[in-house]
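Below is one structure; the comments refer to it alone.
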Amino acid sequence: MEKILFVFLAFAFVSQINAKTFQRCELVQALRSQGFDEAKLRDWVCLVENESGRKTDLVGKPNKNGSRDYGLFQINDKYWCSKTSTAGKDCNITCSQLLTDDITVASKCAKKVYKRHQFMAWYGWRNHCQNKPLPDISKC
837 MEKILFVFLA FAFVSQINAK TFQRCELVQA LRSQGFDEAK LRDWVCLVEN ESGRKTDLVG
897 KPNKNGSRDY GLFQINDKYW CSKTSTAGKD CNITCSQLLT DDITVASKCA KKVYKRHQFM
957 AWYGWRNHCQ NKPLPDISKC
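What the sequence shown shows, in the numbering used here, is residues 837 to 976, in sequence order.
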(Lines of atoms letter the chains of each structure in order from A and count residues from 1; the text may use other names and numbers.)
(Lines give C-alpha, C1' and ligand atoms only; values in the text may rest on other atoms or scores of the structure.)
Protein backbone atom coordinates (compact mmCIF):
# COMPACT_ATOMS: atom_id res chain seq x y z
CA MET A 1 0.00 0.00 0.00
CA GLU A 2 2.83 2.40 0.86
CA LYS A 3 4.46 1.69 -2.50
CA ILE A 4 1.26 2.56 -4.36
CA LEU A 5 0.87 5.78 -2.40
CA PHE A 6 4.49 6.72 -3.11
CA VAL A 7 4.07 6.10 -6.86
CA PHE A 8 0.85 8.14 -6.91
CA LEU A 9 2.45 11.05 -5.05
CA ALA A 10 5.54 10.94 -7.26
CA PHE A 11 3.33 10.98 -10.37
CA ALA A 12 1.30 13.90 -9.00
CA PHE A 13 4.49 15.82 -8.23
CA VAL A 14 5.97 15.23 -11.69
CA SER A 15 2.65 16.20 -13.31
CA GLN A 16 2.65 19.50 -11.44
CA ILE A 17 6.18 20.29 -12.62
CA ASN A 18 5.17 19.76 -16.25
CA ALA A 19 1.73 21.39 -15.97
CA LYS A 20 0.77 24.47 -17.92
CA THR A 21 -2.33 26.61 -18.26
CA PHE A 22 -2.27 28.38 -21.60
CA GLN A 23 -3.53 31.88 -22.21
CA ARG A 24 -5.80 31.94 -25.27
CA CYS A 25 -3.32 33.46 -27.73
CA GLU A 26 -0.54 31.30 -26.36
CA LEU A 27 -2.74 28.26 -27.07
CA VAL A 28 -3.43 29.50 -30.60
CA GLN A 29 0.31 29.81 -31.26
CA ALA A 30 0.96 26.35 -29.80
CA LEU A 31 -1.76 24.80 -31.96
CA ARG A 32 -0.40 26.54 -35.04
CA SER A 33 3.10 25.25 -34.28
CA GLN A 34 1.63 21.74 -34.05
CA GLY A 35 0.15 22.10 -37.55
CA PHE A 36 -3.54 22.32 -36.70
CA ASP A 37 -5.71 23.43 -39.63
CA GLU A 38 -6.09 27.21 -39.51
CA ALA A 39 -9.68 26.93 -40.78
CA LYS A 40 -10.61 24.83 -37.73
CA LEU A 41 -8.44 26.66 -35.17
CA ARG A 42 -11.36 28.46 -33.51
CA ASP A 43 -13.08 25.09 -33.05
CA TRP A 44 -9.93 23.61 -31.48
CA VAL A 45 -9.57 26.58 -29.14
CA CYS A 46 -13.24 26.29 -28.14
CA LEU A 47 -12.83 22.55 -27.59
CA VAL A 48 -9.73 22.97 -25.39
CA GLU A 49 -11.28 25.81 -23.39
CA ASN A 50 -14.40 23.76 -22.67
CA GLU A 51 -12.74 20.39 -22.14
CA SER A 52 -9.69 21.29 -20.02
CA GLY A 53 -9.79 25.03 -19.37
CA ARG A 54 -6.50 25.17 -21.34
CA LYS A 55 -4.76 23.05 -18.65
CA THR A 56 -2.30 20.39 -19.76
CA ASP A 57 -2.39 18.40 -16.52
CA LEU A 58 -6.14 17.92 -16.11
CA VAL A 59 -7.40 14.39 -15.42
CA GLY A 60 -11.16 14.29 -15.63
CA LYS A 61 -13.47 12.67 -13.12
CA PRO A 62 -14.46 9.10 -13.95
CA ASN A 63 -16.97 8.82 -16.78
CA LYS A 64 -20.07 6.61 -16.48
CA ASN A 65 -18.13 3.69 -17.95
CA GLY A 66 -15.23 4.16 -15.51
CA SER A 67 -12.87 5.65 -18.09
CA ARG A 68 -11.11 9.00 -17.64
CA ASP A 69 -10.10 11.85 -19.92
CA TYR A 70 -6.56 13.26 -19.90
CA GLY A 71 -4.76 16.46 -20.68
CA LEU A 72 -5.36 19.54 -22.77
CA PHE A 73 -7.69 17.77 -25.21
CA GLN A 74 -9.24 15.44 -22.58
CA ILE A 75 -8.41 12.27 -24.50
CA ASN A 76 -10.16 9.18 -23.17
CA ASP A 77 -8.29 6.16 -21.81
CA LYS A 78 -10.86 3.61 -22.98
CA TYR A 79 -9.70 3.78 -26.61
CA TRP A 80 -6.81 6.19 -27.03
CA CYS A 81 -4.23 5.98 -24.21
CA SER A 82 -3.16 3.37 -21.71
CA LYS A 83 -2.50 3.81 -18.01
CA THR A 84 0.36 1.30 -18.10
CA SER A 85 2.02 0.89 -21.51
CA THR A 86 2.38 2.52 -24.90
CA ALA A 87 0.87 -0.46 -26.70
CA GLY A 88 -2.69 -1.58 -27.12
CA LYS A 89 -4.63 1.67 -27.48
CA ASP A 90 -5.15 3.63 -30.70
CA CYS A 91 -2.63 6.42 -30.04
CA ASN A 92 0.01 4.00 -28.67
CA ILE A 93 0.81 6.25 -25.73
CA THR A 94 0.47 6.25 -21.99
CA CYS A 95 -2.10 8.63 -20.57
CA SER A 96 0.63 10.36 -18.56
CA GLN A 97 2.19 11.50 -21.87
CA LEU A 98 -0.93 13.65 -22.34
CA LEU A 99 -0.30 15.58 -19.13
CA THR A 100 2.87 17.52 -19.93
CA ASP A 101 3.33 21.11 -21.09
CA ASP A 102 4.88 19.81 -24.33
CA ILE A 103 1.70 19.21 -26.30
CA THR A 104 3.32 17.36 -29.21
CA VAL A 105 2.11 13.88 -28.21
CA ALA A 106 -1.33 15.15 -27.16
CA SER A 107 -1.72 17.06 -30.45
CA LYS A 108 -0.83 14.04 -32.54
CA CYS A 109 -3.36 11.91 -30.65
CA ALA A 110 -6.07 14.61 -30.82
CA LYS A 111 -5.61 14.79 -34.59
CA LYS A 112 -6.03 11.02 -34.76
CA VAL A 113 -9.26 11.23 -32.74
CA TYR A 114 -10.45 14.05 -35.00
CA LYS A 115 -9.60 12.16 -38.18
CA ARG A 116 -11.79 9.29 -37.03
CA HIS A 117 -14.67 11.12 -35.33
CA GLN A 118 -14.31 14.83 -36.15
CA PHE A 119 -15.19 17.11 -33.22
CA MET A 120 -18.13 14.87 -32.30
CA ALA A 121 -15.75 12.83 -30.13
CA TRP A 122 -15.72 15.65 -27.57
CA TYR A 123 -18.80 16.53 -25.52
CA GLY A 124 -17.22 19.87 -24.59
CA TRP A 125 -17.24 20.82 -28.27
CA ARG A 126 -20.71 19.40 -28.91
CA ASN A 127 -22.27 21.20 -25.95
CA HIS A 128 -20.43 24.52 -26.07
CA CYS A 129 -19.07 25.05 -29.59
CA GLN A 130 -21.20 23.27 -32.18
CA ASN A 131 -23.49 25.81 -33.88
CA LYS A 132 -22.46 28.44 -31.30
CA PRO A 133 -20.22 31.51 -31.48
CA LEU A 134 -16.58 30.42 -31.42
CA PRO A 135 -13.78 32.24 -29.56
CA ASP A 136 -12.29 35.32 -31.19
CA ILE A 137 -8.68 34.60 -32.05
CA SER A 138 -8.28 37.47 -34.53
CA LYS A 139 -5.74 39.27 -32.33
CA CYS A 140 -3.64 36.13 -31.90
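The beta carbon of each residue, even a glycine, is placed where N, CA and C say it ideally should be.
(request) Could you pull out every residue in the same chain whose Cβ sits closer than 7 Å to the Cβ of V941, ignoring the five residues on either side in sequence? (result) Counting from 1 along the sequence shown, the entry for residue 941 is found at position 105. So the qualifying residues of the chain are I929, Q933 and L934.
(message) Assess contact between the region 873–892 and the region 957–967, defined as three or more Cβ pairs (one per stretch) separated by less than 8 Å. Is contact present?
(response) A contact is defined here as three or more CB-CB pairs under 8 Å, and the region 873–892 meets this definition with respect to the region 957–967.
(message) One question on the structure: do Q910 and G924 come within less than 7 Å of each other, judged by their Cβ atoms?
(response) Here residue 910 refers to the residue found at position 74 when the sequence shown is read from its first residue. Here residue 924 refers to the residue found at position 88 when the sequence shown is read from its first residue. No, these two residues do not count as a Cβ contact at 7 Å.
(request) Would you identify the three-state DSSP class for N886, choosing helix, strand or coil? (result) Taking the first residue of the sequence shown as position 1, residue 886 is located at position 50. Helix at N886.
(request) Determine the burial state of G902: buried for a count of at least 16 other Cβ atoms within 10 Å of its Cβ, exposed for fewer. (result) Position 66 of the sequence shown, counting from 1, holds the residue named residue 902. Exposed is the call here.
(request) Helix, strand or coil for F844, going by three-state DSSP, please let me know. (result) Taking the sequence shown and counting its residues from 1, one reaches residue 844 at position 8. The predicted model places F844 with a pLDDT of 39, which falls under 50 and marks its position as unreliable; any figure quoted below should be read in that light. Helix.
(request) Determine the burial state of A946: buried for a count of at least 16 other Cβ atoms within 10 Å of its Cβ, exposed for fewer. (result) Numbered from 1 along the sequence shown, position 110 holds the residue referred to as residue 946. Burial call: buried.
(request) Please say whether T857 and R904 have beta carbons closer to each other than 7 Å? (result) Within the sequence shown, residue 904 is the residue found at index 68, counting from 1. Within the sequence shown, residue 857 is the residue found at index 21, counting from 1. The answer is no: Cβ separation not under 7 Å.
(request) Please state whether DSSP places Y915 in a helix, a strand or coil. (result) The residue labelled residue 915 in the question sits at position 79 within the sequence shown. Y915: coil per DSSP, three-state reduction.
(message) For the alpha helix (DSSP H) containing K856, name the first residue and the last one.
(response) The residue you call residue 856 lines up with position 20 of the sequence shown. Looking at the DSSP string, K856 is not in any alpha helix (DSSP H), and its letter there is neither H nor E.
(message) Within the continuous alpha helix (DSSP H) that includes V941, where are the two ends?
(response) The count along the sequence shown starts at 1 and reaches residue 941 at position 105. It spans T940 to H953 - the alpha helix (DSSP H) in which V941 sits, taken as one unbroken run.
(request) Determine the DSSP secondary structure at K891, reduced to helix, strand or coil. (result) Residue 891 sits at position 55 when you count from the first residue of the sequence shown. Strand.
(request) Within 10 angstroms of the Cβ of P969, are there 16 or more other Cβ atoms? Answer buried if so, exposed if not. (result) Taking the sequence shown and counting its residues from 1, one reaches residue 969 at position 133. When all chains shown are included, P969 counts as exposed.
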